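Heads up, the thing below is written out as C-alpha cells.
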Amino acid sequence: DAKTTQPTSMDCAEGRAANLPCNHSTISGNEYVYWYRQIHSQGPQYIIHGLKNNETNEMASLIITEDRKSSTLILPHATLRDTAVYYCIVRDIYSGAGSYQLTFGKGTKLSVIP
Amino acid sequence: ETGVTQTPRHLVMGMTNKKSLKCEQHLGHNAMYWYKQSAKKPLELMFVYSLEERVENNSVPSRFSPECPNSSHLFLHLHTLQPEDSALYLCASSPGQGAHIQYFGAGTRLSVL
C-alpha cells in the first residue's frame, strides 16, 4: 500500500472549516483514499473514502487532486466534538493476502478551539 | 453507537489471571477484527475472522487466544499477560472480505499489573 504523510497536528477555530491534508505521492491506480478519525479513548470512526472524484457525505468532503498524489479532508463547520486524530489511509481493495489490513499511521491531531 | 459493543470497558488484571474480552456486532457483518493500541503507537491488527474462520494472525503471542463462535460474537481470551500488554483493545467488524470500511467498538482499556 502507498505510504501517506500527514501533519502531526493542526488547530481550527470553532465554526470554521477544517482542512486536513494528506500526501500519497506513490498511490497506484487501484488504491482508494480512506479517512477515519479517533476521538480520545474511543475506537476509530470511518468518515469518507474516494478514488478519483471528489466526495461528500454528511460528515465531510474529500478533495482528491487530479494526479491523485494528495487529498484534503474538509470539515465544513468544525465543532468542539470534531477534536480528534484524523487518519488518512490508502488501500488497494483488490489486494489478496492481507486484504483486511488497514494500516493506521500516526495521523493528524486536530484541535478545535472555542 | 456504532453497532459494535465491547465489554468490559475497563479491566485490571494480574499477570497470573485469566480473563476474556467480548465483542458483539449487530450489523450483520461477516468479518470481525481485534486491534491493539498501545500508548503513543499506531493501531496494530491482531486477528481477523471471516465467516467464523481465522484468516489473519499477525504474529501475536499465544497468551492472546481469539475465539469466534458465530459471526456476531468475538472473544479475546487472555492469560499470563505481561505489563507491556496494557493497552486499548479494539474490536471492529466489516461487511466482508477486503472491506475497508470497518466499524469499531469503543474498546477495552486493559491494565496488567
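Protein chains in written order, with our numbering: chain A, 1 to 114; chain B, 115 to 227.
For each residue, glycine too, the CB sits at the ideal point set by N, CA and C.
Note that this is a predicted model, so its numbers are computed, not measured.
With 16 other Cβ atoms within 10 Å as the buried cut-off, status of Gln-196 of chain B:
Here residue 196 of chain B refers to the residue found at position 82 when the second sequence is read from its first residue. Gln-196 of chain B comes out exposed.
Terminal residues of the beta strand (DSSP E) in which His-124 of chain B lies: Here residue 124 of chain B is taken as the residue at index 10 of the second sequence, counted from 1. Counting along the chain, the beta strand (DSSP E) containing His-124 of chain B begins and ends at 124-127.
Where the beta strand (DSSP E) through Glu-170 of chain B begins and ends | Taking the first residue of the second sequence as 1, we reach residue 170 of chain B at position 56. Run containing Glu-170 of chain B: 167-171, per the beta strand (DSSP E) assignment.
> Under three-state DSSP, which class holds Ala-97 of chain A?
Replying inline: Position 97 of the first sequence holds residue 97 of chain A. Here Ala-97 of chain A scores only 47 on pLDDT, less than 50, and its place in the model should not be relied on; the value that follows carries that caveat. Coil, per DSSP.
- Message: At the 8 Å Cβ level, is Pro-156 of chain B part of the contact set with chain A, yes or no?
- Response: Within the second sequence, the letter at position 42 stands for residue 156 of chain B. With 8 Å as the cut-off, Pro-156 of chain B counts as an interface residue toward chain A.
Open item on the list: Does any residue of chain B have a CB that is nearer than 8 Å to the CB of Leu-110 of chain A?
Closed with: Translated into the one-based positions of the first sequence, residue 110 of chain A becomes position 110. Under the Cβ distance rule, Leu-110 of chain A does not count among the residues neighbouring chain B, no pair being separated by less than 8 Å.
Interface residues of chain B facing Lys-106 of chain A [CB-CB closer than 8 Å]: On the first sequence, residue 106 of chain A is found 106 positions in, with the first residue counted as 1. Neighbours of Lys-106 of chain A in chain B, taken as residues at a C-beta separation under 8 Å, are given in chain order as Pro-156.
Review point. What does Leu-204 of chain B reach in chain A if we use C-beta pairs closer than 7 Å?
Key: Residue mapping note: residue 204 of chain B aligns to position 90 of the second sequence, counting from 1. Simply Gly-43.
*asked:* List, in chain order, every chain A residue whose beta-carbon is nearer than 8 Å to that of His-214 of chain B.
replied: Residue mapping note: residue 214 of chain B aligns to position 100 of the second sequence, counting from 1. Residues of chain A passing the Cβ test: Tyr-32, Tyr-34, His-49, Ile-89, Arg-91, Ile-93 and Leu-102.
> Taking just the CA atoms, how far does His-193 of chain B sit from His-49 of chain A?
Replying inline: On the first sequence, residue 49 of chain A is found 49 positions in, with the first residue counted as 1. On the second sequence, residue 193 of chain B is found 79 positions in, with the first residue counted as 1. Here the alpha carbons of His-193 of chain B and His-49 of chain A stand approximately 38 Å from one another.
Determine the burial state of Ser-225 of chain B: buried for a count of at least 16 other Cβ atoms within 10 Å of its Cβ, exposed for fewer. Sequence index remark: in the second sequence, residue 225 of chain B carries index 111 (1-based). Burial is judged here by how many other beta carbons sit within 10 angstroms of a residue's own beta carbon; Ser-225 of chain B has fewer than 16 and is exposed.
Does Gly-142 of chain B come out as helix, strand or coil in the three-state DSSP assignment?
Along the second sequence, one-based indexing puts residue 142 of chain B at 28. The answer is coil: DSSP assigns Gly-142 of chain B none of H, G, I, E or B.
For Thr-102 of chain B, which option in B:Asn-172, B:Glu-115, B:Thr-116 and B:Val-126 has the closest C-alpha, if you only look at C-alpha atoms? One cannot answer for residue 102 of chain B here, as it falls past the ends of chain B, which runs 115 to 227.
Checklist entry - Which partner residues of Thr-56 of chain A appear in the DSSP bridge assignment? => result Your numbering for residue 56 of chain A matches position 56 in the first sequence. As a beta-bridge residue in DSSP terms, Thr-56 of chain A pairs with A:Ser-61.
Nearest CA to the CA of Ala-220 of chain B: which residue from B:Pro-175, B:Gln-151 and B:Glu-181?
-> As a first step, residue 220 of chain B is located in the second sequence; it is residue number 106 there, counting from the start. Comparing Cα positions, the closest option is B:Gln-151.
Does chain A have any CB closer than 8 Å to the CB of Leu-165 of chain B? By one-based count along the second sequence, residue 165 of chain B stands at place 51. Taking CB atoms only, Leu-165 of chain B has no neighbour in chain A less than 8 Å away.
Tell me Lys-109 of chain A's beta-bridge partners as DSSP assigns them. Here residue 109 of chain A refers to the residue found at position 109 of the first sequence. According to DSSP, which records beta bridges pairwise, Lys-109 of chain A is partnered with A:Ser-9 and A:Val-85.
TODO: Determine, using beta carbons only, whether Ser-207 of chain B and Ile-215 of chain B come nearer to each other than 8 Å.
DONE: Within the second sequence, residue 207 of chain B is the residue found at index 93, counting from 1. Within the second sequence, residue 215 of chain B is the residue found at index 101, counting from 1. With contacts defined by Cβ atoms closer than 8 Å, Ser-207 of chain B and Ile-215 of chain B do not form a contacting pair.
Secondary structure at Pro-44 of chain A, three-state DSSP: helix, strand or coil? Translated into positions along the first sequence, residue 44 of chain A becomes position 44. Looking at Pro-44 of chain A - three-state DSSP - the assignment turns out to be coil, as it is neither helix nor strand.
Quick one, which of A:Lys-106, A:Ser-9 and A:Ser-25 has its alpha-carbon nearest Ile-64 of chain A's?
Residue 64 of chain A sits at position 64 when you count from the first residue of the first sequence. Closest by alpha carbon: A:Ser-25.
| Considering only the beta carbon of each residue, do Asn-144 of chain B and Ser-173 of chain B sit closer than 8 Å? | Indexing the second sequence from 1 puts residue 144 of chain B at position 30. Indexing the second sequence from 1 puts residue 173 of chain B at position 59. Their beta carbons are not under 8 Å apart, which means Asn-144 of chain B does not touch Ser-173 of chain B by this criterion.
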